[in-house]
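Structure first, then comments.
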Amino acid sequence: MRAFVYDENGARALSFEDATRLPRNGGLIWLHFDGRDANAATWLRAQPDIPPVAREALLAHETRPRADLFGEGAVINLRGLGTTPDDDPDALVSTRFWADKGRVISFSFRTAIAIEELIARFHTGDLRDPGDLISAFTQITSARLDPHVATLGDAMDDCEVIVDTGSILATRHKVTDIRSQAISYRRFIAPQRQALERLAGADLTWLDEDDRIHLREAADRAARMTEELEAIRERAALIHEELTDRRAELIDTRSLILAIAALIFLPVTFITGLLGMNVAGIPFANEPWAFWGVVGFCVLIAVAVLAWFVKARWIWRR
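Each step along the sequence shown adds one to the number in my numbering, with nothing skipped, and position 28 is 325.
Quick look at the structure:
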């Protein structure tokens, strides 16, 4: 549990006990909890001025971005990049806020990258009320996430370039991975846009016009990222179809070559099998030229069949 205060004495970190005893007189008291700590849940459930529905929303394990109003307070759930993406089940980790006049309570079950940067900005004295803190978090989250979405778009551009020359299997694996990441990002970014737009339009006294401008800007960036992720998903589907068609065409071509080879050797195999029977009466069996004669006849038949395929344009097309 960490506590930060901004008042007439400036921005500073305090002990949790000292911060909770301070009066809310227009400044900012920010209490940040690690949701995995059982004491955090116990403390939150003991707060009578936070509605029960809001408390349960802050402590929920499975969440999606949202912004719900409770009088002068608001529950805000936002998603951003985490510090340990390999250990997180979701691509974006959740940070939950309860904000009312003069106070912000934040919970996170995993550490968002934006939290440490937000703390650094708090100590500079730029964040003086709940609106400043929430809008700053949305700006940091959007600024961090935007390059990742752009990187997915660039990777999809590379796949489109190599689709005609690269390995079908390797390209399909790369496209599938990009599409999976795009879907996992879009799952949270699309509702986050709606949550930010709702918060920007909320009638809350601790949100000033600058805060609303920053929230709308973050919502606009979320909208652009959502559109980019949707485009990536559609482009991935088109490339996947193209690769599937190329693979089917390659299989058809190879199957045709095998079929032609089988048809060329079919009459030759019949002749050699017929003359190879261990019975009396085979013509020219005792002639010294008979072997080479059969070989020449088989070659003649193979050339004739091959010429017919060429004439029919099965294996040679201009």
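Quick reminder that beta carbons are idealized off the backbone N, C-alpha and C, glycines included.
C-alpha of Thr566 to C-alpha of Leu597: approximately 13 Å in a straight line.
Comparing alpha-carbon positions, the option among Gly323, Arg361, Val401, Thr392 lying closest to Ile347 turns out to be Val401. Take the alpha-carbon of Gly450 and the one of Val602: they are about 51 Å apart. Within 10 angstroms of the beta-carbon of Pro320 lie fewer than 16 other beta-carbons, which makes it exposed. The residues Ala300, Ile402, in chain order, have a CB closer than 6 Å to that of Leu328 in the same chain once the five nearest residues on each side in sequence are set aside. At least 7 Å separates the beta-carbon of Gly422 from that of Ala533.
Nearest in C-alpha terms to Leu571, of all of Leu553, Cys595, Asn583, Ser552, is Cys595. Following the DSSP letters along the chain, one finds Ile486 inside the alpha helix (DSSP H) bounded by residues 465-497.
For Ile416, the uninterrupted alpha helix (DSSP H) segment begins and ends at 410-420. Assignment of beta strand (DSSP E) within the segment 529-585, counting only whole runs of 3 or more residues, yields no such run. The segment 543-563 makes no contact with the segment 479-495; the number of CB pairs closer than 8 Å stays below 3.
Put simply, of Gly498, Pro444, Leu504, Asp508 the residue whose alpha carbon is nearest the alpha carbon of Ala479 is Pro444. The beta carbon of Glu369 lies closer than 8 Å to those of Asp397, Lys398, Leu501, Thr502, Trp503 in the same chain, with the five residues before and after it left out.
A straight-line Cα-Cα distance of about 13 Å links Arg509 and Asp426. Apart from the 5 residues on each side of it in sequence, Thr380 sits with its Cβ closer than 6 Å to the Cβ of Thr408, Ile410 in its chain, given in chain order. The alpha helix (DSSP H) runs lying completely inside the segment 313-398 and spanning 4 residues or more are 313-318, 335-342, 349-356, given in chain order.
Partner residues in the beta bridge of Ser405, as assigned by DSSP, are Asp331.
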